[in-house]
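**Q** Please find one structure pasted underneath; my questions will follow.
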Amino acid sequence: AQSVAQPEDQVNVAEGNPLTVKCTYSVSGNPYLFWYVQYPNRGLQFLLKYITGDNLVKGSYGFEAEFNKSQTSFHLKKPSALVSDSALYFCAVRDGLYGGATNKLIFGTGTLLAVQP
Amino acid sequence: KAGVTQTPRYLIKTRGQQVTLSCSPISGHRSVSWYQQTPGQGLQFLFEYFSETQRNKGNFPGRFSGRQFSNSRSEMNVSTLELGDSALYLCASSPGQGGVSTDTQYFGPGTRLTVL
């Protein structure tokens with residue numbers, strides 16, 4: 079079955095330092111991978127996605143993600159963290175096993191990013 | 046374009062009651078999906094509608110149902126509410142296409158349902 083794993087419940091980083099939020103995936107076929115961010119009492123905001131092509135994907139708010147097929151990973155990165163980046167981050171994979179058309183996403187458990195001033 | 050809107054934003058119900066949540070997708074989007082978010086189970090897929098037809102369904106009991114109208118607006122209904130149904134219910138829309146989609150899903154702010 080398609081799945082994603084986020085091994086860290088929480089990541090702590092100082093403002094101005096680079097940040098990485100980890101995600102690994104397990105899929106049959108081509109992986110369509112997504113990152114979303116959730117602020118308190120809000121819905122999910124789309125950050126970026128990998129469909130095909132360049133392994134380095136650039137997204138919103140200065141975030142980028144590196145797709146690594148050999149390590150089955152899709153880690154989210156940002157060169158310099160901001161306090162305002164503190165939020166809950168979700169990695170997701172499109173479910174391709176339905177056998178038909180679908181937009182269904184399978185989400186990881188989420189990683190809470192805390193950026194200290 | 047306006048984003049995905051969900052109404053109401055907050056609901057308090059008691060066990061045994063039923064509830065209807067509404068979602069208006071981004072203009073032009075034909076696919077609407079629903080997800081349940083709880084601290085214990087995380088984000089779980091409920092169902093997906095495309096052009097008024099349910100084309101995918103998650104592992105939820107039959108108390109959870111939905112529909113989509115010709116203008117792509119969607120509603121979900123939960124009957125005989127249980128305490129465990131307390132959650133944030135999120136709606137997402139996307140343009141919609143065939144096959145395993147590469148579309149981005151855009152989420153609404155959610156409806157916070159509390160069952161007492």
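From first to last, the protein sequence lines stand for chains F and A.
If you count by our numbering, then the first sequence holds residues 79 to 195, one letter each, in order.
If you count by our numbering, then the second sequence holds residues 46 to 161, one letter each, in order.
In this text, a Cβ means the ideal position worked out from N, Cα and C, and glycines have one as well.
(1) If I196 of chain F and T147 of chain A are in contact, beta carbons under 8 Å, what's the gap, nearest whole angstrom?
(2) Just list the residues that DSSP pairs S81 of chain F with in beta bridges.
(3) Assuming Y128 of chain F is part of the beta strand (DSSP E), what are its boundary residues?
(4) Taking only beta-carbon atoms, is R157 of chain A less than 9 Å away from chain F?
(5) Is there at least one Cβ from chain F nearer than 9 Å to F105 of chain A's Cβ?
(6) Short check: CB of P96 of chain F to CB of S158 of chain F, under 9 Å?
(7) Rounded to the nearest angstrom, what separates Y151 of chain A and R60 of chain A at their Cα positions?
(8) Apart from the five residues just before and just after E86 of chain F, which ones in its own chain have a Cβ nearer than 8 Å to its Cβ?
(9) Less than 9 Å between the beta carbons of A132 of chain A and L158 of chain A, yes or no?
(10) Thinking just about the alpha-carbon of each residue, which of A:T125, A:V49, A:T156 is nearest to the one in R108 of chain A?
(11) Any idea what DSSP makes of L88 of chain A, helix, strand or coil?
(12) Going by beta carbon distance, what residues of the same chain come within less than 7 Å of V50 of chain A, once the five residues before and after it are set aside?
(13) What is the DSSP secondary structure of S124 of chain A, reduced to helix, strand or coil?
(14) To the nearest angstrom, how far is the alpha carbon of Q88 of chain F from that of C169 of chain F?
(15) Are the CB atoms of G121 of chain A and S110 of chain A nearer to each other than 9 Å?
(16) Comparing the C-beta of A137 of chain A with each C-beta of chain F, is any distance below 9 Å?
(17) At a CB-CB cut-off below 7 Å, which residues of chain A make contact with T180 of chain F?
(18) Taking DSSP as the reference, what is the three-state secondary structure of Y80 of chain A?
**A** The short version:
(1) With chain F represented from 79 up to 195, any question about residue 196 of chain F goes unanswered, as that position is not in the structure.
(2) DSSP, once it has assigned bridges, lists F:S104 as partnering S81 of chain F.
(3) For Y128 of chain F, the enclosing beta strand (DSSP E) stretches over residues 122-128.
(4) Answer yes: the Cβ-Cβ gap between R157 of chain A and chain F drops below 9 Å somewhere.
(5) Contacts with chain F at 9 Å (Cβ-Cβ) do not include F105 of chain A.
(6) P96 of chain F places its beta carbon less than 9 Å from that of S158 of chain F.
(7) Linking Y151 of chain A to R60 of chain A through their CA atoms gives a straight-line distance of about 31 Å.
(8) V99, K100, T189, listed in sequence order.
(9) Yes, they are a contact pair.
(10) Considering only alpha carbons, the answer is A:T125.
(11) Here L88 of chain A sits in strand by DSSP.
(12) Contrary to the premise, residue 50 of chain A reads as Thr rather than Val in this sequence. Correct list, in chain order: S69, G153.
(13) Residue state, collapsed to three classes: coil.
(14) Each residue's Cα considered, the two are about 14 Å apart.
(15) Rather than Gly, the amino acid found at residue 121 of chain A in this sequence is Met. For M121 of chain A and S110 of chain A, yes; Cβs fall inside 9 Å.
(16) Taking Cβ atoms only, chain F reaches closer than 9 Å to A137 of chain A, which makes this a yes.
(17) Chain A residues near T180 of chain F: E93, R100, N101, V145, S146.
(18) Strand at Y80 of chain A.
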